[in-house]
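K.L.:
Pasting a structure below so you can have a look.
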Amino acid sequence: MISLEHVGIAVDDPEAVSRLYETLLGVLPYKAETVEAQKVRTHFLPAGTAKIELLEALAPDSPISKYLEKRGEGIHHLAFEVDDVDDAMERVRDAGFDPLNDTPQPGADGKRIFFLHPKQTHGVLIELCSSAPAAWTPETVPYAYAGAENRRVDGHLAVYRAGRPSAPPLLMLHGAAGSTTLETAPLMRRLEPHFHVVAVDFTGHGRSSAPSPDTPFTPDLFADNARAALDHFDVASAPVFGFSMGGNMALHFARLHPDRVDRLAVHAANVDWNDDLVRAMNTRLNADLIEARRPEMAAALDAAHTDWKRLFATMRDFVKTLPAETEGMLDAADRLDVPTLVSAVDRDDLFPTDAPLTLHRRLPDARLALLPGDRHALSEAPLDVLAPLLRDHFLQA
Ligand code: CMX
Numbered sequence: 003m004i005s006l007e008h009v010g011i012a013v014d015d016p017e018a019v020s021r022l023y024e025t026l027l028g029v030l031p032y033k034a035e036t037v038e039a040q041k042v043r044t045h046f047l048p049a050g051t052a053k054i055e056l057l058e059a060l061a062p063d064s065p066i067s068k069y070l071e072k073r074g075e076g077i078h079h080l081a082f083e084v085d086d087v088d089d090a091m092e093r094v095r096d097a098g099f100d101p102l103n104d105t106p107q108p109g110a111d112g113k114r115i116f117f118l119h120p121k122q123t124h125g126v127l128i129e130l131c132s133s134a135p136a137a138w139t140p141e142t143v144p145y146a147y148a149g150a151e152n153r154r155v156d157g158h159l160a161v162y163r164a165g166r167p168s169a170p171p172l173l174m175l176h177g178a179a180g181s182t183t184l185e186t187a188p189l190m191r192r193l194e195p196h197f198h199v200v201a202v203d204f205t206g207h208g209r210s211s212a213p214s215p216d217t218p219f220t221p222d223l224f225a226d227n228a229r230a231a232l233d234h235f236d237v238a239s240a241p242v243f244g245f246s247m248g249g250n251m252a253l254h255f256a257r258l259h260p261d262r263v264d265r266l267a268v269h270a271a272n273v274d275w276n277d278d279l280v281r282a283m284n285t286r287l288n289a290d291l292i293e294a295r296r297p298e299m300a301a302a303l304d305a306a307h308t309d310w311k312r313l314f315a316t317m318r319d320f321v322k323t324l325p326a327e328t329e330g331m332l333d334a335a336d337r338l339d340v341p342t343l344v345s346a347v348d349r350d351d352l353f354p355t356d357a358p359l360t361l362h363r364r365l366p367d368a369r370l371a372l373l374p375g376d377r378h379a380l381s382e383a384p385l386d387v388l389a390p391l392l393r394d395h396f397l398q399a
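First residue of the sequence shown: 3, per my numbering; consecutive thereafter.
Okay, structure coming up:
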């Protein structure tokens, strides 16, 4: 899908122009980045689903200096996001255009980009871009947790943040055997213009340390991970988004700490478990099968998690406990009076459509968004539709 990603504006003084947009639209810059290759500093402002990119020249031979000299301040380029920038380059070449670079270049905001000269495009400099996987570096936070039967978790949590620290906060929780980088990062990127986004890798997931081998995963442990992430950034309360198991944990966190959760949004979460669902889920969590049949996936999991095989084994045990918890989870949903957006794709290949419908029916203050889609994975959900829904839901806080 193609969408307008940003409008680039060449400016002499980014601070003066930021003040202008603050006065006109009430928006503030949420990040600034230097793109060495282009000799520019970019300042991003939110503008609905697209962005405004103020371009400041960093050297006399920067294309922005030349532009400012010749034409003065003004709209410099339009950038369109495409699914695959390499394919797009090939396609425009086949159509007879001559891109300014031989291959896509690193651009601002972790994008890969290329330009078409305005002489070829009726006077408008066009950028085509696509997001490279977000590569945020987490902060490592020392973390200790005392669970049942004196089982302790000692180690650290990986917590991430994006966006302007003075923006409204938002906590994001990933799914079972996932991580921030694997799952919630693309949504973080879409929401960072509007929020101070905090995300955490649950214990044993992603870059967070693994618990000792005999320590089980529990909802209380994951809810405590969420608390620790908010504490680390001194966030008293926040809206919380959770994907799949992260959705269940968001609900659980809201039950344990109602004063810390302003609003909730859960995507592809299920609180109604039976043995068939446990089997389906645990088939996906079979490390031996993945290693034998999908070595590429095994390598990716190995790179993403501290100890993916231990994670998968511990998660399988956790999933087996869920049918016995179902009645409690449903009863708790009945009493959870937090405004909640329940979303899911309509043909989720793991959970039936009844999962979001049940949650929507049971939660006293819920709205429902069924989006077209075939896959459970958050990366396959229509994020261009989901992100604005989340933004509007959370900004009502
Ligand atoms: N929009 C419309 N017209 C433009 C233009 C722009 N952004 N930049 C230049 N032009 C016009 C000039 O006015 C001039 O027109 P005339 O011949 O009618 O006078 C013509 O194009 C040639 O101008 P030039 O100053 O000689 O510029 P060049 O051809 O040397 O370079 C361009 C123009 C687009 C190739 C160069 O600016 C470029 O490489 N841009 C891409 C890199 C860039 O802009 N990076 C910053 C963005 C960072 C990011 O988003 O990550």
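Where a beta carbon is used, it is the ideal one built from N, C-alpha and C, also for glycine.
1. Is THR36 near ligand 1, judged by its Cβ being under 7 Å from some heavy atom?
2. Sorted by chain position, which residues of the same chain lie with C-beta nearer than 6 Å to ALA110's C-beta, five sequence neighbours on each side aside?
3. Using only CA atoms, which one of PRO384, SER181 and ALA146 lies nearest to THR139?
4. Taking MET1 as the reference, which of VAL13, ALA294, PRO384 and GLU185 has the closest Cα?
5. DSSP three-state label for GLY10, please.
6. Please enumerate, following chain order, all residues with a beta carbon closer than 7 Å to at least one heavy atom belonging to ligand 1.
7. In terms of alpha-carbon separation, which member of ALA49, HIS119 and GLN122 lies closest to VAL9?
8. With which residues is GLY244 paired in a DSSP beta bridge?
9. Along the chain, where does the alpha helix (DSSP H) that runs through SER20 open and close?
10. At what residues does the beta strand (DSSP E) containing HIS158 begin and finish?
11. Looking at C-beta atoms only, is the number of pairs between the segment 141-152 and the segment 230-246 that lie closer than 8 Å three or more?
12. Is the beta carbon of MET283 less than 8 Å from the beta carbon of LEU175?
13. What are the boundary residues of the beta strand (DSSP E) that ARG262 is part of?
14. Taking C-alpha atoms, which residue in VAL84, TYR69 and GLU83 lies nearest to ILE77?
15. Starting from GLU293 and walking both ways along the beta strand (DSSP E), at which residues does that stretch end?
16. So, under 8 Å CB-CB, PHE396 and LEU172 are touching, yes? Tell me the CB distance rounded to an integer number of Å.
17. What residue range is occupied by the uninterrupted beta strand (DSSP E) comprising HIS362?
18. Leaving out five residues before and five after PRO358 in sequence, what residues of the same chain have Cβ atoms less than 6 Å from its Cβ?
19. State the Cα-Cα distance for the pair GLU75 and ILE66, rounded to the nearest angstrom.
20. Looking at C-alpha atoms only, which residue of ILE115, HIS196, ASP96 and ALA97 is the closest neighbour of THR105?
21. CA-CA distance, ARG377 and ASP351?
22. If LEU338 and ALA256 are in contact, beta carbons under 8 Å, what's the gap, nearest whole angstrom?
23. What do you get for GLN40, buried or exposed, if any count of 16 or more other CB atoms within 10 angstroms of its CB means buried?
24. Measure how close the beta-carbons of PRO16 and LEU56 come, nearest whole angstrom, since I'm counting them as under 8 Å.
25. Tell me the residue span of the alpha helix (DSSP H) that contains LYS72.
26. Report the option in GLY208, SER211, ALA137 and VAL242 whose CA atom is closest to the CA atom of VAL200.
27. Unbroken alpha helix (DSSP H) runs of length 4 or more, entirely within the segment 180-209: which are they?
28. Between which two residues does the alpha helix (DSSP H) carrying GLY76 extend?
29. For ASP226, which residues of its own chain have a beta-carbon under 6 Å away from its beta-carbon, when the five flanking residues on both sides are left out?
30. Going by beta-carbon coordinates alone, are ILE11 and VAL84 separated by less than 8 Å?
31. Could you tell me whether the Cβ atoms of ALA389 and LEU373 are closer together than 8 Å?
32. Tell me, please, which residues DSSP counts as bridged to VAL344.
33. Report back the beta-carbon spacing between ALA306 and GLY208 to the nearest angstrom; my notes put them in contact at under 8 Å.
34. What is the DSSP secondary structure of LYS53, reduced to helix, strand or coil?
P.N.:
A quick look at the data gives this:
1. Relative to ligand 1, the beta carbon of THR36 is positioned no closer than 7 Å to any heavy atom.
2. Taking ALA110 as the centre and dropping the five residues before and after it, the same chain places the C-beta of GLU35, VAL37 and THR44 closer than 6 Å to its C-beta, in chain order.
3. In terms of Cα proximity to THR139, the closest of PRO384, SER181 and ALA146 is SER181.
4. Nothing about residue 1 can be read from this structure; the chain reaches only from 3 to 399.
5. GLY10: strand per DSSP, three-state reduction.
6. The set, ordered by position in the chain, is GLY10, VAL37, GLN40, VAL42, THR44, GLU55, LEU57, PRO65, ILE66, LYS68, TYR69, LYS72, ARG73, HIS78, HIS79, ALA81, LEU102, GLY109, ALA110, ILE115, PHE117, HIS119, PRO120, LYS121, GLY125, VAL126, LEU127 and GLU129.
7. Nearest option by C-alpha distance: ALA49.
8. LEU175 and VAL268, per the DSSP bridge assignment.
9. 16-27 is the span of the alpha helix (DSSP H), which, as asked, contains SER20.
10. Residues 154-164.
11. Output reads yes: the segment 230-246 touches the segment 141-152.
12. Cβ distance not < 8 Å, so MET283 and LEU175 don't count as in contact.
13. Neither: ARG262 is in no beta strand (DSSP E) and is coded neither H nor E.
14. With distances taken between Cα atoms, ILE77 lies closest to TYR69.
15. Per DSSP, GLU293 belongs to no beta strand (DSSP E); it is in the alpha helix (DSSP H), 289-295.
16. The Cβ separation is near 6 Å, so the contact holds.
17. No beta strand (DSSP E) holds HIS362; the alpha helix (DSSP H) holding it covers 356-364.
18. Excluding positions up to five away in sequence, the list reads VAL344 and ALA346.
19. GLU75 and ILE66: Cα-Cα distance of roughly 10 Å.
20. It is ILE115.
21. In this structure, the alpha-carbon of ARG377 lies about 5 Å from that of ASP351.
22. Rounded to whole angstroms, the Cβ separation of LEU338 and ALA256 is 6 Å, and the two are in contact under 8 Å.
23. GLN40 is buried by the Cβ-count criterion.
24. With 8 Å as the limit, PRO16 and LEU56 qualify as a contact, their Cβ atoms being about 5 Å apart.
25. Taken as a continuous stretch (DSSP letters only), the alpha helix (DSSP H) holding LYS72 covers 65-73.
26. The shortest C-alpha to C-alpha distance from VAL200 to any of GLY208, SER211, ALA137 and VAL242 is the one to VAL242.
27. Counting only runs of 4 or more, we get 187-193.
28. Counting along the chain, GLY76 sits inside no alpha helix (DSSP H); it lies in the beta strand (DSSP E) bounded by residues 76-83.
29. If we look at ASP226 and ignore the five residues flanking it on each side, its Cβ neighbours are TYR147.
30. No, they are not a contact pair.
31. Not a contact, by the Cβ cut-off of 8 Å.
32. VAL268 and LEU370.
33. Yes, they are in contact, since the Cβ atoms of ALA306 and GLY208 sit about 6 Å apart, within 8 Å.
34. Three-state DSSP puts LYS53 in a strand.
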